[in-house]
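These notes are about the structure you will find just below.
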Amino acid sequence: MRQPGWGPSHLARQCSAKKEQRGRGIMKKRSSNIELLRITAMIMIIAYHLFLHCIKAQLTDSGSIAAPENDCFCHPYFSKRLCILALISPMGQAGNAIFLMISGYFMAHKDSIDLTKISKKLLLQLGFAAMLLGLSSISLYTNIHPFPPRLIPFSVFNSLAWFVGYYFIVMVTAKVFLNQFLNKLDRKNYLMFLLVLFSLLQFGWSAIILSNLCGGLDVIATGIFLYSLGGYIRKYNPFENIRLWAVLAVILLTDLIVIGNFYIQTASNILEYDAAGGGAFIQSIPEYANNHLFPLLLGIAVFELFRRIKLPRNGVINFIGASTFMVYLLHDNEFVYKAWCRQNWITLLHENVISFLMIYIIWILITFSAGSLSYCIFLLGGRLLKFCKPLTLKRAEANAEKASPEKDAKI
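Residue numbering for the sequence shown is 473 to 883, as defined by this note's numbering.
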């Protein structure tokens, strides 16, 4: 006898459910090439912050320049060695762009986004990072007297890493309307949306209007553009017919333009120096905002480069990639800046470029490794809390008994 509901429609529903479950299983497995991209983006961001908060400060700060042998570049000439710093300058914004594109690549096609899960992840890791920084700074302050570190208050929880708020606003926007809007667009209108948004961000006057309408609106619009672009790349693969050498050429050409930009700025500074009749000459490295063209080009090209890498699933790479958010939280603060600035970077760069690059890379790897190790501690702490959870919560049986309608009736 046929069971109720059994038939072709029932079989179709079962097949559909199995396909959905298989799809979910595939999505849960991290792609190692994308995780390697996360790691690369995080390294780019650390390299940028080390340059911005330490090396650049030593290059331009009057107090630092006055130090013995630290005025190496304080002369009106174009230094080829400073081109290294010019190349690092757009890396931070390019790294931010990559992270937003990765999010769009995996989430823009979804009908729903679990903001509860995202909020928990951000809040828990942010809280752990604030506690760890506070305790570490206190511990080192009381034990290292010759070179005391910068003390970090626990209230840094509310001011640690601006990118957290930037990312979360984009995710909320995606949840509220952006994903639904993008999924309704055909390829032509999707491309038009991206080009219009990109144009608004690149045209100087329209970008100023966005910023004046609401402080930071241009940054949020940049995040929405990058998130949407990630979704577009996943859905339509627009760079499929572009050869690998062309992607590499975009990266190389962008770097050459960045160096050219540094040369032009240095030449302009020399002209102003000569017109002023001398005085103190201070080198300056061009800076870039999140919506500027060159960091965006660099980020998009690097994203496409890693997307093409055929890499088997690697548990180590995937775990390190998962730790990048904790690395981001822990490296961008005064506590770490103080450690970085113990090195005399300017004199080192002037005397030996190879030694400069080696020590620079070592500091980046130490910083990244410390963040990854902290992520391991965070995970262990989470498991310990789960183990202790029954000790902190009332028993379910007792709660059920209190809520029992039969007991209420007897009373």
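All C-beta atoms in this analysis are idealised placements derived from N, C-alpha and C, irrespective of residue type, glycine included.
Cβ-Cβ separation between residue 764 and residue 545: approximately 25 Å, too far for a contact (criterion under 8 Å). Per DSSP, the continuous alpha helix (DSSP H) segment holding residue 858 begins and ends at 825-864. Assigned with DSSP and collapsed to three states, residue 712 falls in coil, not helix or strand.
When DSSP assignments are scanned along the segment 757-819, the uninterrupted stretches of alpha helix (DSSP H) that are 4 or more residues long and fall wholly within it turn out to be 765-779, 787-794, 796-803, 806-812. Within its own chain, the residues whose Cβ lies closer than 6 Å to the Cβ of residue 733, once the five positions on either side in sequence are excluded, are 758, listed in chain order. Note on residue 570: 16 or more other CB atoms within 10 angstroms of its CB, so buried under the neighbour-count rule. If you compare the alpha carbons of 703, 673, 614, 518 with that of residue 692, the shortest gap goes to 673. Between residue 723 and residue 642 a beta carbon distance of about 25 Å is seen, past the 8 Å cut, so the two are scored as non-contacting. Of all C-beta pairs linking the segment 650-658 to the segment 597-608, fewer than three are shorter than 8 Å, placing the two stretches out of contact. Looking at 601, 527, 684, 862, the one whose alpha-carbon comes closest to that of residue 829 is 527. A distance below 8 Å between beta-carbons, with the five flanking residues on each side excluded, links residue 585 to the following residues of its chain, in chain order: 579, 643, 646, 647, 651.
By the CB criterion at 8 Å, residue 601 and residue 559 fall outside the cutoff. Contact check for residue 785 and residue 577: beta-carbon distance about 17 Å, past the 8 Å limit, so the pair fails to qualify.
Here residue 509 has 778 as same chain residues with Cβ atoms under 6 Å from its own Cβ, once five neighbours each way along the sequence are excluded. Ranked by how close their Cα comes to the Cα of residue 583, the residues 516, 653, 719, 816 have 653 in first place. Secondary structure note for residue 637: its alpha helix (DSSP H) is the uninterrupted segment 635-645. Note on residue 862: under 16 other CB atoms within 10 angstroms of its CB, so exposed under the neighbour-count rule. Only residues of its own chain outside the window of five on either side were considered, and among them 553, 556 have a CB closer than 8 Å to the CB of residue 825, listed in chain order. Per DSSP, residue 688 lies in no alpha helix (DSSP H) segment and is marked neither H nor E.
The DSSP assignment places complete alpha helix (DSSP H) segments of no fewer than 4 residues inside the segment 577-637 at 587-615, in order along the chain. In the structure shown, residue 695 falls within a helical segment according to DSSP collapsed to helix, strand and coil.
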